[in-house]
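The structure appears right after this line, and notes come after that.
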Amino acid sequence: PMADRKRSASGILRTSSQHTPITDAVAAAPYIVEEEVVKEFFTVAPSGLVQPEDTLDRVTQFVHDHVARGNRVVIITSGGTTVPLEKNTVRFLDNFSGGGRGSASVEYFIESGYAVIFLHRKNSLQPYQRHFMLLKDDQFLDYLQWDDNINSIKVQSDNQKIKTMLQRYHKAKSEHKLLKISFSTIHEYLYLLKEVSERIRVAKSAGLVYVAAAVSDFYLPSAKMVEHKIQSIKGPLDLTLDPVPKMLGALKHHWVPRAFVVSFKLETDYSILHYKATQSLERYGHHLVIGNLLQNYRNEVFLYDDAKSSEPTSRMTRSEEEMKSNADLEKEIIDQVVSRHTLHIELNQ
Ligand code: 9Z3
Numbered sequence: 013p014m015a016d017r018k019r020s021a022s023g024i025l026r027t028s029s030q031h032t033p034i035t036d037a038v039a040a041a042p043y044i045v046e047e048e049v050v051k052e053f054f055t056v057a058p059s060g061l062v063q064p065e066d067t068l069d070r071v072t073q074f075v076h077d078h079v080a081r082g083n084r085v086v087i088i089t090s091g092g093t094t095v096p097l098e099k100n101t102v103r104f105l106d107n108f109s110g111g112g113r114g115s116a117s118v119e120y121f122i123e124s125g126y127a128v129i130f131l132h133r134k135n136s137l138q139p140y141q142r143h144f145m146l147l148k149d150d151q152f153l154d155y156l157q158w159d160d161n162i163n164s165i166k167v168q169s170d171n172q173k174i175k176t177m178l179q180r181y182h183k184a185k186s187e188h189k190l191l192k193i194s195f196s197t198i199h200e201y202l203y204l205l206k207e208v209s210e211r212i213r214v215a216k217s218a219g220l221v222y223v224a225a226a227v228s229d230f231y232l233p234s235a236k237m238v239e240h241k242i243q244s245i246k247g248p249l250d251l252t253l254d255p256v257p258k259m260l261g262a263l264k265h266h267w268v269p270r271a272f273v274v275s276f277k278l279e280t281d282y283s284i285l286h287y288k289a290t291q292s293l294e295r296y297g298h299h300l301v302i303g304n305l306l307q308n309y310r311n312e313v314f315l316y317d318d319a320k321s322s323e324p325t326s327r328m329t330r331s332e333e334e335m336k337s338n339a340d341l342e343k344e345i346i347d348q349v350v351s352r353h354t355l356h357i358e359l360n361q
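Here full-length UniProt numbering is used: the first residue of the sequence shown is 13, the next is one more, and so on.
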C-alpha cells in the first residue's frame with residue numbers, strides 16, 4: 013500500500029474494499045457508552061487515582077479565567093497510557109507515544125491565542141523543554157556554565173531557535189496560558205479526560221478537545237489482578253485483558269457537546285486507516301480525525317472530516333528540507349485545526 017500510495021496522482025490510495033462493507037444505517041448510529049459502564053470502570057480503578065487534591069479546582073479556575081477574557085480553551089492529551097498488571101505495579105503494558113505530537117501542538121495552540129490544558133503522560137515530552145530534550149549533538153547541560161565570579165550559572169548559546177523558544181515560554185508563562193496535568197494509567201487518563209472535559213463546557217463552542225494520546229484498548233480489571241509482583245517461577249504468563257469501554261462518543265455527545273473535537277487515529281496498516289478514521293467520525297461524532305501511520309507519523313498525516321468520502325480530505329507532509337531542519341509538522345496541523353474551529357464557533361454562536 014505504501015508504494016501504491018506514492019504512485020497515485022493525488023498521493024492518496026482508496027481504502028481497501030475489504031474494510032468498506034459497512035452499511036450506512038449501522039455506521040451512522042452514534043456509539044455512546046452507557047453511563048453505568050463508565051461508572052463501573054472508574055470504581056474498579058486498580059491503584060486509585062493519584063492526583064493532587066486541588067487538580068480539578070485548578071482546572072475550573074483556569075477555564076473560568078480564560079473564558080472571562082474571551083480566550084479559546086483547548087485540552088490536549090499526549091503520551092501513552094499504562095495498563096498495570098499487578099496492584100503493587102512492577103509490570104505494566106504501555107502504548108506507543110513519547111509525547112512529541114502533543115507537546116509540539118501545545119506551543120502552536122498557544123501561539124494561536126489558546127489557553128491550553130495539557131493532559132500528559134508523566135515524564136513524557138513537554139512543550140518548550142522538548143527542544144532541549146531532543147538535541148542531537150549537544151546536551152542541555154552544555155549550554156550551562158558555572159561562573160565563580162558571579163556565583164551563578166551563565167547560559168552560553170547563540171542558537172536563535174532556543175532564544176525564540178525561551179521567549180515564547182516566558183510569554184506563555186506570564187500570561188498563564190498553560191496548565192499541566194499528568195496521568196499514568198488508563199484509568200487515570202479516562203477519569204481526568206472526563207472531569208477536565210466537563211469543566212471546559214462553560215467555554216461552549218470556544219472549547220476544543222484534541223486527543224493525541226495513545227490510549228490502550230485493553231486493560232486488566234482489579235478483580236483479576238494479583239496483589240504482588242508476578243513471580244516467574246510459576247512458568248508462562250497467561251493474560252486475558254478486558255476491552256476498555258469506548259468513551260470517545262460520550263466525550264463528544266455528553267461531556268462537551270458544544271466543543272470542537274479532534275482525535276488522532278494511529279494504525280500500522282494503511283489499508284485500514286481510512287476505514288478506522290471515518291468510523292471515528294461516524295461512531296463518535298468527532299469533527300476532525302487525523303490519521304497517521306506508525307512508520308512515518310512525524311512526516312505525514314491525513315485529515316478526515318467527511319465520513320462519506322472515499323478519500324481523506326487532505327494530506328500533510330514534511331518536505332526533505334523540513335525534515336532536515338527538524339521543522340514541526342504540527343505547525344501546519346494546528347493552522348488547519350484552528351481555522352476549522354473558527355468556522356465551528358461562527359456556526360454555533
Ligand atoms: C497518535 O496517533 C499520535 O500522532 C502519536 C504521536 C501517538 C503517533 P508521539 O507522542 O506519537 O509524537 O511519539 N495518537 C493517537 C493514538 C491512539 O491510540 N488513538 C486512539 C485510537 O487509535 C484513539 S484516541 O484508537
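All residues carry an ideal CB built from backbone N, CA and C; glycine is no exception. The structure displayed is predicted, hence computed values, not measured ones.
Cβ-heavy atom distance, arginine 113 to the ligand 9Z3, below 7 Å: yes
heavy atom of the ligand 9Z3 below 7 Å from leucine 278 C-beta: Flag set: Cβ of leucine 278 near the ligand 9Z3.
Same chain only: Cβ atoms within 7 Å of asparagine 338, ignoring 5 sequence neighbours per side: none
Glutamate 342, buried or exposed, once every other Cβ within 10 Å from all chains shown has been counted against 16: buried
Boundaries of the alpha helix (DSSP H) in which isoleucine 346 is found, first to last residue: 342 to 359
Glycine 110 CB to nearest heavy atom of the ligand 9Z3 below 7 Å: yes
Bridge-paired residues (DSSP) for isoleucine 302: Phe276, Leu315
Candidates Thr176, Asp170, Asn107, Leu153: closest to glutamate 123 by CA position: Thr176
Where the beta strand (DSSP E) through valine 71 begins and ends: Element bounds for valine 71: not the beta strand (DSSP E) but the alpha helix (DSSP H), 67 to 80.
Where serine 209 falls, given that 16 or more other Cβ within 10 Å makes a residue buried: With 16 or more other Cβ atoms inside 10 Å of its own Cβ, serine 209 counts as buried.
Check whether valine 301 and lysine 277 have beta carbons under 8 Å apart: yes
Classification of histidine 353 by the beta-carbon crowding that lies within 10 angstroms, buried from 16 upward: buried
Residue(s) in a DSSP beta bridge with serine 322: None; serine 322 has no bridge partner.
beta-carbon alanine 226 near the ligand 9Z3 non-hydrogen atom, thresh 7 Å: yes
Residues near leucine 137 by beta carbon distance below 7 Å, same chain, minus five either side: Gly110, Gly111, Gly112, Ser115, Met145
Which of helix, strand or coil DSSP assigns to histidine 132: strand
Three-state secondary structure (DSSP) of serine 209: helix
Valine 128 and leucine 190 closer than 8 Å at C-beta: In this structure, leucine 190 lies closer than 8 Å to valine 128 by Cβ.
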